[in-house]
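Below: the structure, in structure tokens.
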Amino acid sequence: MAVGDIVTDAFIRLEVAEEHIDKGKEMLCMPFATKIPYEFVKEVFAVGNCANASVAAARLGLSSALISNQGSDEVGVKNLASLKADNVATDYVISHKNIKSNYHYVLWFGDERTILVKHEEYPYTMPDIETKWLYVTSLSSTSAEFHDEIAGYLDKHTDTKLAFQPGTFQIKLGKERLARLYKRCDIFFCNVEEAKLILETSESDVKKLLEALHNLGPKIVVITNGPKGAYVREESGTVLFQAPYPDIAPPYDRTGAGDAFASTFCIALALGKSVSEALMWAPINSMSVVQKVGAQEGLLTREELENYLIKAPSDYQAKVM
């Protein structure tokens, strides 16, 4: 059961743009006050971290559902249709009258993208349901109190495991404000830069970042580092490193690679795999996702993923650090 905000992404494939570094930051630059041609636009419905995780779970063989909010507009109707087509239960997706569905614009240049985001304000509620796993991820800036409701749900459902992949607002809320979720967390996901923001540190040693995040409460901590690989601190304290799965072709669009990694790792554990096995599964779905437009088209079935695993190089395995 995933919890978060659904969005629709409109991918605008740019023809005329440049990349610049300004004060250490990568900048996307386009001519100002003129008309700029683009190649095409593609709408991708029912995405966002939570929906991506739900679809990944369904394709890999789990019973999957989503707790989310949207508008009762045309975009919302298409979101529901997309989720149902991927066998994601939508019983707890609430479509609100007089509120728009979240709609983002993705400026796509090369294999990277800049996303223009706007999150609508929804009245968040947590249904009292039974689930083996709760996957909590990105929510809007109006959801602070909803996190207390989620924590209360977890207090009552002690057998439910929690996977937490915080979004931008949840990171800004701070580790103290979300201490109940961190302490209750079975698996925690973030990338290197997010780890530094959460911990309010300039530390670059991944082992130290993993340990500091573990000290907040999570049993298993996963830190990704893009094409450089990923690191896991197991509950026992063992630290593992996993290199990326070799690209079958140059990446087309990197949207959703992190979501694919995190959700697939969690799904593998839910299916009874070990941490080291889960760490081998996750990069395969990431590799596949970046071959397609958007965060879901490239998500694999279990059979497809296991076929890639069979064909993996002999040295493709989790290594103890």
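Yeah, the sequence shown ends on 322 if you go by my numbering, and it's all consecutive.
Glycine included, each C-beta is placed from N, C-alpha and C at the ideal position.
Since this is a predicted model, take the numbers as computed values, not measurements.
Where does residue 136 sit, in a helix, a strand or coil, going by DSSP?
It is a strand residue.
Helix, strand or coil: how does DSSP classify residue 4 here?
When secondary structure is reduced to three states using DSSP, residue 4 falls in the strand class.
Taking contact to mean 3 or more Cβ pairs, one atom from each stretch, closer than 8 Å, check whether the segment 184-201 and the segment 261-278 are in contact.
The segment 184-201 vs the segment 261-278: in contact.
Measuring CB to CB, does residue 18 end up less than 9 Å from residue 37?
Cβ atoms of residue 18 and residue 37: closer than 9 Å.
Residues in the same chain with beta-carbon distance under 7 Å from residue 13, minus the five sequence neighbours each way, listed in chain order, please.
Counting only Cβ-Cβ distances below 7 Å, and skipping sequence neighbours, we find 39, 42, 106, 107, 108, 109.
Which of the three DSSP states is assigned to residue 106 in this structure?
Note: residue 106 maps to strand in three-state DSSP.
From residue 286 to residue 53, what distance separates their C-alpha atoms?
Here the C-alpha atom of residue 286 lies approximately 12 Å from the C-alpha atom of residue 53.
Let me know if residue 44 comes out buried or exposed under the rule of 16 or more other beta-carbons within 10 Å of its beta-carbon.
The residue in question, residue 44, is exposed, as its Cβ has fewer than 16 Cβ neighbours within 10 Å.
I think residue 196 touches residue 182, with their Cβ atoms under 8 Å apart; what is that distance to the nearest whole Å?
Incorrect: roughly 16 Å between the Cβ atoms, too far for contact.
Residue 20 and residue 28: beta carbons closer than 9 Å?
Against a cut-off of 9 Å, the Cβ pair of residue 28 and residue 20 comes out as a contact.
Keeping to the same chain, check which residues put their C-beta closer than 8 Å to that of residue 9; ignore five residues upstream and five downstream.
Same-chain partners within the cutoff: 44, 45, 46, 47, 48, 76, 79, 80, 102, 103, 104, 105.
Identify every run of the alpha helix (DSSP H) within the segment 140-225, keeping only runs that are complete inside it and at least 4 residues long; order them along the chain.
Fully enclosed alpha helix (DSSP H) runs of 4 or longer: 145-157, 169-174, 180-185, 193-200, 207-215.
What residue range is occupied by the uninterrupted beta strand (DSSP E) comprising residue 234?
That run of the beta strand (DSSP E) goes 231-234.
If you measure between the beta carbons of residue 292 and residue 257, is that distance less than 9 Å?
For residue 292 and residue 257, no; Cβs fall outside 9 Å.
Whole-angstrom distance between residue 261 and residue 144, CA atom to CA atom:
Taking the straight line joining both Cα atoms gives about 24 Å.
Residues bridged to residue 72 [DSSP beta-bridge criterion]
According to DSSP, residue 72 bridges with 97.
For residue 31, count neighbouring Cβ atoms within 10 angstroms of its own Cβ and tell me buried if that reaches 16, exposed if not.
Classification for residue 31: exposed.
Quick check on the DSSP output: the beta strand (DSSP E) that includes residue 113 runs from which residue to which?
Residue 113: member of the beta strand (DSSP E) spanning 113-117, first to last residue.
For the 8 Å Cβ check, are there 3 or more pairs between the segment 68-75 and the segment 274-284?
Too few Cβ pairs lie closer than 8 Å, so no.
Between residue 263 and residue 166, which are expected to be in contact by the criterion C-beta below 8 Å, what is the C-beta distance as a whole number of angstroms?
Yes, they are in contact, since the Cβ atoms of residue 263 and residue 166 sit about 5 Å apart, within 8 Å.
Residue 302, DSSP secondary structure in three states
In the three-state scheme derived from DSSP, where H, G and I count as helix and E and B as strand, residue 302 is classed as coil.
Whole-number beta carbon distance between residue 254 and residue 114, since they are thought to touch under 8 Å
With 8 Å as the limit, residue 114 and residue 254 qualify as a contact, their Cβ atoms being about 7 Å apart.
Using a Cβ-Cβ cut-off of 6 Å (strictly less than) and excluding sequence neighbours within five positions of residue 320, which residues of its own chain qualify?
Non-local C-beta neighbours of residue 320 in its own chain, meaning closer than 6 Å and more than five positions away in sequence, comprise 242, ordered along the chain.
Output the boundary residues of the beta strand (DSSP E) element that contains residue 61.
No beta strand (DSSP E) holds residue 61; DSSP gives it neither H nor E.
Does the distance from the CB of residue 281 to the CB of residue 318 come in under 9 Å?
Yes, these two residues count as a Cβ contact at 9 Å.
If I measure Cβ to Cβ from residue 85 and keep anything under 7 Å in the same chain, skipping five residues before and after, which residues do I get?
Counting only Cβ-Cβ distances below 7 Å, and skipping sequence neighbours, we find 91.
Residue closest to residue 217, alpha-carbon to alpha-carbon, out of 266, 180, 119:
Closest option to residue 217, Cα to Cα, is 180.
Since residue 155 contacts residue 135 with CB under 8 Å, what's their CB separation in whole angstroms?
Cβ atoms of residue 155 and residue 135 come within 8 Å of each other, at about 7 Å.
Would residue 322 be called buried (16 or more neighbouring beta carbons within 10 Å of its own) or exposed?
Taking all protein chains in view, the Cβ of residue 322 is surrounded by fewer than 16 other Cβ atoms within 10 Å, so the residue is classified as exposed.
C-beta atoms of residue 73 and residue 98 nearer than 9 Å:
Yes, Cβ-Cβ distance for residue 73 and residue 98 is below 9 Å.
Going by the DSSP bridge assignment, what does residue 321 pair with across the sheet?
In the DSSP assignment, residue 321 is bridged to 241.
Please classify residue 311 as buried or exposed, where buried requires at least 16 neighbouring CB atoms within 10 angstroms.
Counting Cβ neighbours within 10 Å, residue 311 comes out exposed, since fewer than 16 surround it.
Can you tell me which residues form a DSSP beta bridge with residue 323?
The displayed coordinates of the chain run from 2 to 322. Any statement about residue 323 would go beyond what the structure contains.
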